[in-house]
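Student: Residue numbers (our numbering): -10 to 59.
C-beta atoms are modelled at their ideal positions from N, C-alpha and C, and glycine is treated no differently.
Structure provided below as structure tokens; questions to follow.
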């Protein structure tokens, strides 16, 4: 783990975001199974935003980590 507190913070926030997204996805599936497809559809839309941004977040974190080790 890097010593730069900003990188550590961003890494941990990203981990938290991923964990919350996983939990929300499971809740969305549970809601869908109980017939509320409109709500589960909105949950999927919001999770889509997280998924769209996840690659860029990972790339930026990797770049920050690389720069901190140089």
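For the alpha helix (DSSP H) containing residue -6, list its first residue and its last residue.
Tutor: Unbroken alpha helix (DSSP H) run through residue -6: -6 to 22.
Student: So which of 53, 59, 38 has the shortest CA-CA distance to residue 7?
Tutor: Of the listed residues, the one whose Cα sits closest to residue 7 is 38.
Student: Using a Cβ-Cβ distance cut-off of 9 Å, determine whether residue 2 contacts chain C.
Tutor: This model lacks chain C altogether, as it is built from one protein chain only.
Student: Please return the same chain residues whose Cβ sits closer than 8 Å to the Cβ of residue 48, not counting the five positions on each side in sequence.
Tutor: The answer is none, since no qualifying residue turns up.
Student: In angstroms with no decimal places, state the Cα-to-Cα distance between residue -1 and residue 29.
Tutor: Each residue's alpha carbon lies about 29 Å from the other.
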